[in-house]
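Asker: A single structure is presented below for examination.
Chains as they are written, first to last, in my numbering: chain A, 1 to 208; chain B, 1 to 149.
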């Protein structure tokens, strides 16, 4: 009985949150600066992290984050509500990152699924591979960040949107205008790449 | 693109195969690892600049909306008045010449007339000639009468 009441309470809270978000979006559509400020509060840290990982530059990421919010503010009245507002915002940011990459013609280093020595990736069933049991220390996080940075943009965006931003396969497919199957393939390759890049760290402990 | 080839290789797999691959414990572990990445710290100075820009844009668009609200009825009325004038005020009937037939006819008439005059030569018209002959006859009669006396 208590459990059922708890679930009911959760559902009510979710509905209230959804209607709050809808009200916020409506106010943002009318270009209400106060509402937009709240919208920025909600997404700024996540968006800045996404852009920083896409650009691999703190300074440029800060500028692009600001630009993404400015564009969102300007085009909020054109947001039709068909997609999730977060996906819409991240699509604006992603387009900015792509534009920037084209502008400076600094294509990211394309790395395949082999490690730097040209060896095949480690088997997924390898017993050494247990990142969920590892301590998430600063060094490991740095290695993960670095490994994400060495991925191609196409793999990186899918990995970040799905694993970091909890976007569904369908949302990512819509955002990138690619089939759902391609999203899944890219996600698998991105994760495998990450696993491969972290393998030396795992093999040598933290001495690397 | 190296990964394009790998993606192509993956495309051969069915969705359910891909789902199974993605749900393996290793892939889930990576998912957790990525999900646990830190958020970006907020730079308050940049945030303040963003707020300023947003406020400026909001004021500008508000001003534009107000102007639009004032000017749109005025412009509408002006357009309606102009349209009414165009429709009501009678326009001067314009002469449309479909071909040059009339002009050609006038020109031909003038030409014929001039040719006819050339043929006739410069002379008196019938009435003038008649009046002249009457006057001559009158003069002759008068002269004869004088001679008779």
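In this text, a Cβ means the ideal position worked out from N, Cα and C, and glycines have one as well.
On a predicted model such as this, the values are computed, not experimentally measured, just so you know.
DSSP on residue 74 of chain B, reduced to helix/strand/coil?
Answerer: Taking the second chain and counting its residues from 1, one reaches residue 74 of chain B at position 74. Note: residue 74 of chain B maps to helix in three-state DSSP.
Asker: Determine, using beta carbons only, whether residue 33 of chain A comes closer than 7 Å to chain B.
Answerer: Position 33 of the first chain, counting from 1, holds the residue named residue 33 of chain A. Yes, because at least one Cβ of chain B sits closer than 7 Å to the Cβ of residue 33 of chain A.
Asker: Skipping 5 residues on each side, what residues in its chain have a beta carbon closer than 7 Å to that of residue 14 of chain B?
Answerer: Position 14 of the second chain, counted from the first residue, corresponds to residue 14 of chain B. So no residue of the chain qualifies.
Asker: Classify residue 168 of chain A as helix, strand or coil using the three-state DSSP reduction.
Answerer: Residue mapping note: residue 168 of chain A aligns to position 168 of the first chain, counting from 1. DSSP places residue 168 of chain A in coil when its eight states are reduced to three.
Asker: Report yes or no: is there a C-beta of chain B within less than 7 Å of the C-beta of residue 184 of chain A?
Answerer: To locate residue 184 of chain A, count along the first chain from 1; it is residue 184. Yes, because at least one Cβ of chain B sits closer than 7 Å to the Cβ of residue 184 of chain A.
Asker: Look at the Cβ atom of residue 43 of chain A, then the Cβ atom of residue 89 of chain A, and state whether they are nearer than 7 Å.
Answerer: By 1-based counting over the first chain, the position of residue 43 of chain A is 43. By 1-based counting over the first chain, the position of residue 89 of chain A is 89. It is a contact, given that the beta carbons lie within the stated cut-off.
Asker: Does residue 58 of chain A pass the burial test, meaning 16 or more other C-beta atoms within 10 Å, or should it be called exposed?
Answerer: Taking the first chain and counting its residues from 1, the one referred to as residue 58 of chain A is at position 58. So residue 58 of chain A counts as exposed.
Asker: Would you say residue 194 of chain A lies against chain B (beta-carbon separation less than 7 Å)?
Answerer: Position 194 of the first chain, counted from the start, is the residue given in the question as residue 194 of chain A. By this cut-off, residue 194 of chain A is an interface position.
Asker: Return no unless some Cβ of chain B is closer than 7 Å to the Cβ of residue 78 of chain A.
Answerer: To locate residue 78 of chain A, count along the first chain from 1; it is residue 78. No - not a single Cβ of chain B is within 7 Å of the one on residue 78 of chain A.
Asker: Beta-carbon separation of residue 195 of chain A and residue 28 of chain B under 7 Å?
Answerer: Mapped onto the first chain, residue 195 of chain A falls at position 195. Mapped onto the second chain, residue 28 of chain B falls at position 28. Their beta carbons are not under 7 Å apart, which means residue 195 of chain A does not touch residue 28 of chain B by this criterion.
Asker: Quick one: what does DSSP say residue 69 of chain B is sitting in, helix, strand or coil?
Answerer: Walking along the second chain from the start, residue 69 of chain B turns up at place 69. Here residue 69 of chain B sits in helix by DSSP.
Asker: Have a look at residue 60 of chain B and residue 73 of chain A and give me their C-alpha separation to the nearest angstrom.
Answerer: Here residue 60 of chain B refers to the residue found at position 60 when the second chain is read from its first residue. Here residue 73 of chain A refers to the residue found at position 73 when the first chain is read from its first residue. Cα to Cα, the separation comes out at about 13 Å.
Asker: What residue does the alpha helix (DSSP H) around residue 113 of chain B start on, and which one ends it?
Answerer: As a first step, residue 113 of chain B is located in the second chain; it is residue number 113 there, counting from the start. Element bounds for residue 113 of chain B: 101-120.
Asker: Nearest CA to the CA of residue 49 of chain B: which residue from A/54, A/40, A/51 and A/150?
Answerer: On the second chain, position 49 is the one that residue 49 of chain B refers to. Measuring from the Cα of residue 49 of chain B, the nearest candidate turns out to be A/40.
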